[in-house]
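The structure appears right after this line, and notes come after that.
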Amino acid sequence: MKTFDHGKLDRIVADARRNADTRSDGYRERALKIYPWICGRCAREFTVANLRELTVHHRDHNHDNNPPDGSNWELLCIYCHDNEHQRQLEAQAGSSIQTENGAVSTHNPFADLKALLAKGK
């Protein structure tokens with residue numbers, strides 16, 4: 273017959289509670305307690321089942337700026353969060369990259385649209 277080690281169980285429970293307290297001190301857990309579980313851009317709603325897809329975005333892009341009132345945070349789904357950071361990168365680059373020959377992208381997909389439509393008639 274196996275003996276049950278109550279001390280080990282108590283240590284596991286104490287460790288789990290301590291770890292939960294440490295995590296709740298993190299800005300993500302604080303933001304999830306402050307704000308409703310809705311993406312601030314696309315208004316997608318989240319539940320416990322898909323909460324991992326909801327991220328905390330720092331409005332000023334400074335991850336060290338974590339005021340206790342959450343004024344520098346907004347909850348964004350992973351798609352809107354990626355889009356926000358891409359927009360920030362493009363803004364820093366000046367929205368387009370210039371080379372010696374001008375802008376990198378010169379393709380206009382609709383340049384001959386009128387001629388193509390006229391051919392089909």
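Quick note on numbering: this note's numbering labels position 84 of the sequence shown as 356, and the sequence is numbered without any gaps. We treat Cβ as the ideally placed atom computed from N, Cα and C, and that holds for glycine.
Original post:
Do you know how far the Cα of C349 is from the Cα of D287?
Top reply: 31 Å
Original post:
In whole angstroms, what separates the C-alpha of G366 from that of R290?
Top reply: 46 Å
Original post:
Thinking C-beta only, is V328 closer than 9 Å to E346?
Top reply: yes
Original post:
How many whole angstroms separate the CB atoms of H394 and Q360, which I take to be in contact at a CB cut-off of 8 Å?
Top reply: Past the boundaries of the shown model lies residue 394; the chain is included only from 273 to 393, so the question cannot be answered.
**OP:** State the start and end residues of the unbroken beta strand (DSSP E) segment that holds C314.
**Re:** Here C314 belongs to no beta strand (DSSP E), and DSSP marks it neither H nor E.
Subject >> Backbone CA spacing between P339 and D354 [nearest angstrom] >> reply: 23 Å
Original post:
Can the beta-carbon of L281 be found closer than 9 Å to that of L304?
Top reply: no
Original post:
Can you tell me the Cα-Cα spacing of W309 and E356, whole angstroms?
Top reply: 18 Å
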